[in-house]
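Below is one structure, written out as structure tokens, with a few remarks after it.
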């Protein structure tokens, strides 16, 4: 049986992980490390910027 309570939008997941694991590393590569709190803050800023450009759900955007 499919557990639908596990299926949530990505922004909701990011907020939940930022609240629970705020200081833990969410992403690391050879150059940098990003905590869950930083990831949530950065993606929120990006979402706000894209909304400011009047992007709508379903629109496509290239992010260099």
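Residue numbers (my numbering): -11 to 52. All C-beta atoms, glycine included, are put in the ideal place defined by N, C-alpha and C. Predicted, not measured: the structure shown is a model, and the values here were computed from it.
Looking at the secondary structure, which residues open and close the alpha helix (DSSP H) in which residue i lies?
i, result
"residue 31", "24 to 40"
Helix or strand or just coil, what does DSSP make of residue i?
i, result
"residue 8", "helix"
Please return the same chain residues whose Cβ sits closer than 7 Å to the Cβ of residue i, not counting the five positions on each side in sequence.
i, result
"residue 10", "23, 24 and 25"
"residue 49", "38 and 43"
"residue 2", "27, 28 and 31"
Closer than 8 Å by C-beta to residue i: which residues in its own chain qualify, once you throw out the five before and the five after it? Chain order, please.
i, result
"residue 14", "5, 22, 23, 24, 26 and 27"
"residue 52", "none"
Quick one: give me the first and last residue of the beta strand (DSSP E) that residue i is part of.
i, result
"residue 13", "13 to 16"
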